[in-house]
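In the working numbering, the protein residues as written are 6 to 192.
Everything on this sheet refers to the single structure shown next.
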């Protein structure tokens with residue numbers, strides 16, 4: 006009887022996975038199948054399988070989830086997969102993925118140390134108009150981390166850190182913090 010129940014549970018999990026992956030938009034909150042996978046099966050291979058596939062399909066948030074999942078599950082054995090998930094997150098528009106991969110290249114954490122790649126990743130994140138990533142990038146440029154900075158580039162990056170989305174957001178104190186960081190970098 007117990008074996009029969011486990012078989013039904015496994016079949017239900019597979020059907021739930023299939024419903025999630027067949028969905029035209031798995032990130033929509035109304036997609037109950039994906040919600041169930043993300044919340045009920047988090048500690049299983051099924052979870053990793055689903056978020057990996059959704060990441061490859063273009064879901065930046067699932068790429069970030071995959072990175073943190075791999076980091077927690079297998080911190081030393083899955084470094085290529087961790088770097089790949091951050092790269093896909095960045096490619097799919099998550100500036101945080103660009104920043105984390107930039108720091109990884111800077112520190113030689115999950116990838117070999119490569120300052121040129123680090124700079125490329127920070128620039129990609131800043132090009133997505135993320136004020137915090139722009140502030141990090143301005144700080145690194147201002148410290149000559151990547152060599153002598155181009156003054157025009159440094160000014161542009163600092164400006165983006167100060168004005169998220171090209172305009173000052175009333176009451177957005179985070180933009181004040183990033184602006185101060187950027188100002189210190191160009192001082």
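For glycine and all other residues, C-beta sits at the position ideal for the given N, C-alpha and C.
According to the DSSP assignment, residue 158 belongs to the alpha helix (DSSP H) that extends over 156-167. For residue 19 and residue 57, the gap between their C-alpha atoms comes out near 15 Å.
With contacts defined as CB atoms closer than 7 Å, residue 38 and residue 25 qualify as a contacting pair. Annotation for residue 123: 107, 110, 111 place their beta carbon closer than 7 Å to its own, counting only its chain and skipping 5 residues before and after. The three-state reading of DSSP puts residue 62 in coil, since its state is none of H, G, I, E or B.
Taken through DSSP and simplified to helix, strand or coil, residue 112 comes out as helix. DSSP places residue 137 inside the alpha helix (DSSP H), whose first and last residues are 136-147. Residue 151 sits in coil when the DSSP states are folded into three classes, being neither helix nor strand.
Here residue 54 carries a helix assignment [DSSP, helix/strand/coil]. Per DSSP, residue 98 lies in no alpha helix (DSSP H) segment and is marked neither H nor E. Scanning its chain for C-beta atoms nearer than 7 Å, with the 5 sequence neighbours on each side dropped, one finds around residue 76 the residues 87, in chain order. Separation of residue 69 and residue 157 (C-alpha to C-alpha, rounded to the nearest whole angstrom) is 32 Å. Beyond the five residues adjoining it in sequence on each side, residue 41 comes within less than 6 Å, by CB distance, of 21 in the same chain, given in chain order. When the Cα atoms are used, residue 63 and residue 92 turn out to be separated by approximately 11 Å. Membership of residue 133 in any alpha helix (DSSP H) is not indicated, and neither H nor E is assigned to it by DSSP.
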